[in-house]
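The listed protein sequences derive, respectively, from chains C and W. Take the first sequence: its letters are residues 90 to 370, numbered as in the working numbering. Take the second sequence: its letters are residues 122 to 601, numbered as in the working numbering.
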Amino acid sequence: MPANRDDTDAHEPAHMHIAVDSAVAHAPTGQIKVRARDVNVFYGEKQALFDVSLDVAERAVTALIGPSGCGKSTFLRCINRMNDTIPGARVDGRIEIDDENVNDKALDPVVLRARVGMVFQKPNPFPKTIFENVAYGPRIHGLTSSKSELEGVVEASLRRAGLWDEVHERLHQSGSSLSGGQQQRLVIARAIAVSPEVILMDEPCSALDPIATAKIEELIDELRRQYCIVIVTHSMAQAARVSQKTAFFHMGRLVEAGPTDEMFTNPRDSRTQDYITGRFG
Amino acid sequence: MLTWIALAALIAFSLFTFRSGRERLVRGLDPAQGRPHSRPGYHGAYVALWAFAPAALLLIVAGAFGGRIEAAMLRAEVPAAVAALDPLQQGVFFDDARAQAHGLPLSQTVYEGGLKAALADKAVEARTLEQGMRLGVLALAALMAGGGFALARRRVAHQFRARNRVEGWIAGVLILSSVVAVLTTVGIIASLAWESWRFFQVVSPIHFLFGREWDPQIAMRADQFASEGAFGALPLFAGTFLIMLIAMAVAAPVGLFAAIYLSEYARPLTRSVVKPLLEILAGVPTVVYGFFAALTVGPLFRAGFNALGAQLAGGPLNDLGVYLMQVQNQMALVAGGVMGIMLIPFVCSLSDDIINAVPQHLRDGSLAMGATRSETIKKVVLPAALPGVVAAMLLAVSRAVGETMIVTMAAGLQAKTTLNPLDTVTTVTVQIVTLLTGDQEFDSPKTLSAFGLGLTLFVVTLALNIIALRIVQKYREQYD
Ligand SMILES: Nc1ncnc2c1ncn2[C@@H]1O[C@H](COP(=O)(O)OP(=O)(O)OP(=O)(O)O)[C@@H](O)[C@H]1O
Ligand SMILES: [Mg+2]
């Protein structure tokens, strides 16, 4: 798919044409990977999500957009049960990955999180070497049996994250010695080293400059061939460039979801219209 | 007494001058000229400062040094009868003259003939001098207060920059305070260094640092000054080191694990209760831990080891049994163990702060990879916090090395070069205490050796603290 790297706004006609092409090519073919039904999330007394039901397609990028505080991150964290780590957070409803209920208390979140990788807003390499950062997941999950196998996994992951050429000569330097953009790709390499099925990204480019952002977007586009990706973004342009499906959240509710090109050309809800044209948020 | 009354009067006067200065500005205000440069309060403060500060300084200086000036003036003219005495006796004579003038008890000296007359003369002179000084100081202070007030009040005017002047005064006071703080520290270090230098003139530093025999009490008489055999401090260093090791063996793991629990596992409510409690515990006076060590733990351990020894004696481990039966209340294990308990809150509180400073996004990153909580702590949080934790441990070591009360009460006094935790040992701090308590002659190497020990202790703890602070600094930079 020709990802559009132009920085003008997504709702301009020239871009929509391209977006339509990509949606036609991919959206209908993707089968459902993650299925959320009637998800409600509470932080203590406060309800943050109300009856959210959303389907996320396999081998496609789904963008979550909406004004600040509308619950995008909260929804994302439901998919890998990261809300469990927040004291007082409670999640109701069903979230299925391949027909298996993620929200089932009997399911071990450790196993789940090996299948669902996550990339955060701020690049967070561990205070270890580049190699050890990528080897972290395979080590804790015991995925490799020999040193050479581990090295192979690290190299493959770094290659897939498009970082190998830049770092293969300094694998044993600290991960924090890299630039912000490189760190974010290192974190992506770390996530894909355990061969997850789903990758969640919470504003992965908001701490990066335009060039580093372009690289990450390119990478996301690449990864889409293999993984189911859900990305939270505040940039309409980015949503239009990288995603095939978009979901618009507002005040804890899912307002509408659909193919990205339709959302941007022809939103059904007036709130969506207002948001993507920049009238609020 | 009079000085205090004068100071109180001066304060009252300054309050009056404050109002007066303020009023003068307010009354002289001309609406046509707009707002004055400084608000009225600043003008008042400016006037009050000039009325108060110089006079107060004079009163304080006179209060502190007046006696000495008086004494010096009294000695200006020495009566013939007194001139015949040796300098030491002359000093006693003049002290007695002043004591008589002030109605204080005299020394035991019996004055006769010419001396008696001279004493009476000098006592009268001392009285006149004292009264004259007193009056002079008061008059001068009054003059300075009045003069300062009058001069400063005249400057109060629309465009006068009273605010800047007052700010200057405030900055001056702050600078003065920090200079005092720094100077006293420097002074203490200098005196320590000076006395140590005198000590090292008598005893060579090599011998002091590496000599294996410590028995300073021998060298008390003047003809034994150079008896070097007694000043080898190695046993003290060994004892200090041993007790520090035992203390850290207790405090480091318990403190660190407690900190991990507090920062990673405890609920916020638990933490908000336990953390302040720990900080209170860290402030318990060490003498309390000293009681605990000497009166509770010591006898308990002794009884335990003695009983164990009685079991073993006669068996295959007979020698060990016999040794254990002779163990005393005072032992390194008790002092070190209780010191470790004392250090737990300190280590825990510091480590907790440091672990908490590890950014949450690192934990999230690890958890999101499917790591368990303990894997996250072991592989991500602790490595990230390691430099800070090491620094916390170093600070604890430096406290253990400098701790005095517990070891004085529970470790013993015998200087032995040993690493046996059941032995009685002595530490640098304990020896400083024993060397300097009671009446001492400040010229003998015995007392001077305390300064040698003090300097060594100071250098070691200073080095530890500097290293620790450096590490913490580096560690902070890493995350900002
Ligand atoms: N740990 C928490 N404890 C309590 N309330 C929370 C917590 N995290 C989020 N919330 C609340 O839940 C709501 C949704 O937050 P969320 O972080 O999901 O928003 P968001 O859409 O990701 O916003 P942003 O675009 O600013 O990241 C907000 O009102 C927020 O205040
Ligand atoms: Mg968010």
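Where a beta carbon is used, it is the ideal one built from N, C-alpha and C, also for glycine. Keep in mind it's a predicted model, so treat the numbers as computed, not measured.
Consult DSSP for residue i and reduce its assignment to one of helix, strand or coil.
{"i": "Ala250/C", "result": "coil"}
{"i": "Arg124/C", "result": "strand"}
{"i": "Val294/W", "result": "helix"}
{"i": "Ser263/C", "result": "strand"}
{"i": "His339/C", "result": "strand"}
{"i": "Asn450/W", "result": "coil"}
{"i": "Gly231/C", "result": "coil"}
{"i": "Asn355/C", "result": "coil"}
{"i": "Leu138/C", "result": "strand"}
{"i": "Phe352/W", "result": "strand"}
{"i": "Ala302/W", "result": "helix"}
{"i": "Asn213/C", "result": "coil"}
{"i": "Phe281/W", "result": "coil"}
{"i": "Ala129/W", "result": "helix"}
{"i": "Tyr410/W", "result": "helix"}
{"i": "Val319/C", "result": "strand"}
{"i": "Ala346/C", "result": "strand"}
{"i": "Asp310/C", "result": "helix"}
{"i": "Tyr132/C", "result": "strand"}
{"i": "Thr218/C", "result": "strand"}
{"i": "Gly206/C", "result": "strand"}
Taking buried to mean at least 16 other C-beta atoms within 10 Å of its own C-beta, is residue i buried or exposed?
{"i": "Met452/W", "result": "buried"}
{"i": "Asp193/C", "result": "exposed"}
{"i": "His223/W", "result": "exposed"}
{"i": "Tyr386/W", "result": "exposed"}
{"i": "Asp485/W", "result": "buried"}
{"i": "Met340/C", "result": "exposed"}
{"i": "Arg368/C", "result": "exposed"}
{"i": "Pro374/W", "result": "exposed"}
{"i": "Glu221/C", "result": "buried"}
{"i": "Met265/W", "result": "buried"}
{"i": "Pro293/C", "result": "buried"}
{"i": "Thr249/W", "result": "exposed"}
{"i": "His608/W", "result": "Residue numbering for chain W in the displayed model covers 122 to 601; residue 608/W lies beyond these limits and cannot be assessed."}
{"i": "Trp335/W", "result": "buried"}
Are the C-beta atoms of residue i and some chain W residue less than 9 angstroms apart?
{"i": "Asn169/C", "result": "yes"}
{"i": "Met340/C", "result": "no"}
{"i": "Met290/C", "result": "no"}
{"i": "Glu245/C", "result": "It should be pointed out that residue 245/C corresponds to Ala in this sequence rather than to Glu. No, because no Cβ of chain W sits closer than 9 angstroms to the Cβ of Ala245/C."}
{"i": "His230/C", "result": "yes"}
{"i": "Pro198/C", "result": "yes"}
{"i": "Asn355/C", "result": "no"}
{"i": "Val287/C", "result": "no"}
{"i": "Tyr225/C", "result": "yes"}
{"i": "Pro216/C", "result": "yes"}
{"i": "Phe209/C", "result": "yes"}
{"i": "Arg202/C", "result": "yes"}
{"i": "Val276/C", "result": "yes"}
{"i": "Pro176/C", "result": "yes"}
{"i": "Asn61/C", "result": "Only positions 90 to 370 of chain C appear in the structure, and residue 61/C is not among them; the question remains open."}
{"i": "Ser111/C", "result": "Annotation note: pLDDT 34 at Ser111/C (below 50); position unreliable, no value reported."}
{"i": "Arg279/C", "result": "yes"}
{"i": "Val283/C", "result": "yes"}
Can you find a CB in chain C that lies within less than 9 angstroms of the CB of residue i?
{"i": "Gly509/W", "result": "no"}
{"i": "Met463/W", "result": "no"}
{"i": "Ala513/W", "result": "no"}
{"i": "Asp474/W", "result": "no"}
{"i": "Glu385/W", "result": "no"}
Could you tell me if the beta carbon of residue i falls within a distance shorter than 8 angstroms of some heavy atom in ligand 3?
{"i": "Asp291/C", "result": "Judged by which ligands are present, ligand 3 is missing from the structure shown, whose ligands are ligand 1 and ligand 2."}
Original post:
Counting Cβ pairs, one atom from each stretch, are 3 or more of them under 8 angstroms apart for the segment 543-558 of chain W and the segment 519-534 of chain W?
Top reply: yes
Original post:
What are the uninterrupted segments assigned as alpha helix (DSSP H) that are 4 or more residues long and contained completely in the segment 143-200 of chain C, given in chain order?
Top reply: 161-168
Subject >> Three or more C-beta pairs below 8 angstroms linking the segment 307-320 of chain C and the segment 139-159 of chain C >> reply: yes
Subject >> Length at least 4, wholly inside the segment 474-523 of chain W: the alpha helix (DSSP H) runs in chain order >> reply: 481-489, 494-497, 503-523
Subject >> Length-filtered (4 minimum) alpha helix (DSSP H) runs lying within the segment 528-559 of chain W >> reply: 549-557
Original post:
Would you call the segment 234-249 of chain C and the segment 204-214 of chain C touching, i.e. three or more CB-CB distances under 8 angstroms?
Top reply: no
Original post:
Does the count of Cβ pairs from the segment 454-465 of chain W and the segment 185-201 of chain C closer than 8 angstroms reach three?
Top reply: no
**OP:** Would you check if the segment 472-488 of chain W and the segment 564-581 of chain W touch, i.e. whether three or more CB-CB distances between them fall below 8 angstroms?
**Re:** no
Subject >> Any 3 or more C-beta pairs closer than 8 angstroms across the segment 442-452 of chain W and the segment 411-428 of chain W >> reply: yes
Original post:
Going along the chain, which unbroken runs of the beta strand (DSSP E) with 3 or more residues stay wholly within the segment 149-175 of chain W?
Top reply: none
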